[in-house]
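Written out below as structure tokens is the structure these notes cover.
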Amino acid sequence: MPKSIVLLATLEGWRHSVRTVDGGMHCGRLTHIPVNADPAEARAAAAAMVIGLAQDFHRTRVDVTWDPPGKPGYWNAQVTVADPPPNTFG
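Position in the sequence shown (first residue = 1) + 35 = our numbering.
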């Protein structure tokens, strides 16, 4: 289950590392985002990727919350389990 995301702008493209709750890490590149893309576009793509993975592999809805900007070209986000939808049959 994802716990956090690190997003890094490099000369070759946008790189990501997804940390998991069990201490693992999955790294890669945002292949569909151009190297000169706006950081907001890259953050949205990274968040969408993690949200999709959590849904597909864990059947869990998650929220991604980006920390305030720190170093240029480097962003962190926290991944939390989303609140369940309200019971509409109640």
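By construction, the Cβ of each residue, glycine as well, lies at the ideal position given by its N, Cα and C atoms.
Asked	Found
If we ignore side chains and look at the alpha-carbon of each, how far apart do residue 104 and residue 70 end up?	19 angstroms
Residue 114 and residue 37 - do their beta-carbons sit closer together than 8 angstroms?	yes
Residue 68 by DSSP, collapsed to three states: which one?	coil
Go through its chain and collect everything with a Cβ distance to residue 50's Cβ below 6 angstroms, but skip five positions before and after it.	43, 64
Could you say which of 61, 52, 48, 85 lies nearest to residue 74 if we only look at CA atoms?	48
Hey, how far is the Cα of residue 76 from the Cα of residue 83?	11 angstroms
Going by Cα to Cα distance, which pick from 101, 93, 68, 87 is closest to residue 45?	68
Tell me, please, which residues DSSP counts as bridged to residue 43.	50, 109
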